[in-house]
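Chemist:
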Amino acid sequence: MPLDCAVTTPEQLVFEGAVESVTVPAADGEMGFLPRHAPLVSSLGFGELRVSSPDGGRQAFFVNGGFVQVVGNRVTVLAVEAQAMDDLDAESARTDLSELEGSPPQAGSDIEDRRKYSRALSVARARLRFSERG
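This is how it looks when you write it as structure tokens:
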């Protein structure tokens with residue numbers, strides 16, 4: 016009995032289909048889901064979301080922020096940002112990282128600005144790393 020899985024952002028449905036398993040980057044580590052998983056809601060971090068289809072195929076997506084919900088045999092990923100790994104552009108990711116590295120917070124910036132910058136830098140580095148794998 017496969018899982019129904021949907022990965023969506025505010026702008027688009029990124030993936031929908033029957034899968035054998037789903038692995039998501041939760042805020043505090045990876046979480047995996049198989050059929051008949053207990054109900055759950057969790058926040059997402061950033062990184063690779065993987066789905067394995069019943070025919071043995073695998074798909075990967077880069078996600079950044081949002082939530083995952085498991086109810087019944089359905090996994091719903093509501094992501095702030097989600098993109099198929101095959102669609103990631105290494106050159107664009109490299110440019111984004113370079114621009115970000117060139118504009119660090121000013122000395123004396125408050126801790127919240129530094130925290131946001133640090134997270135954005137981590138996300139940009141992860142996006143580049145994943146785009147270069149493809």
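Each residue of the sequence shown is one higher than the one before, starting from 16 at the first, in our numbering.
Built from N, CA and C at the ideal position, the CB exists for glycine as well.
These figures come from a predicted structure and were not determined experimentally.
1. Along the alpha helix (DSSP H) that carries LEU115, what are the first and last residues, could you check?
2. Which word fits VAL86, buried or exposed, when buried means at least 16 other C-beta atoms lie within 10 angstroms of its C-beta?
3. Which of the three DSSP states, helix, strand or coil, is assigned to SER124?
4. Mapping the DSSP letters down to three states, classify SER68 as helix, strand or coil.
5. Smallest Cα separation from GLN27: which of ARG51, VAL34 and GLU96?
6. By how many angstroms is the C-alpha of THR38 removed from the C-alpha of THR23?
7. In this structure, how does DSSP classify MET16 when only helix, strand and coil are distinguished?
8. Which residues mark the beginning and the end of the beta strand (DSSP E) in which ARG89 is found?
Modeler: On the basis of the coordinates in this document:
1. Start and end: 105–116.
2. If you draw a 10 Å sphere on the C-beta of VAL86, you find fewer than 16 other C-beta atoms in it, and that means exposed.
3. In the structure shown, SER124 sits in coil (DSSP, three-state: anything other than H, G, I, E or B).
4. Three-state result, SER68: coil.
5. The shortest Cα separation from GLN27 among ARG51, VAL34 and GLU96 belongs to GLU96.
6. Across the structure, THR23 and THR38 are spaced so that their CA atoms are roughly 15 angstroms apart.
7. Note: MET16 maps to coil in three-state DSSP.
8. ARG89 -> beta strand (DSSP E) spans 89–99.
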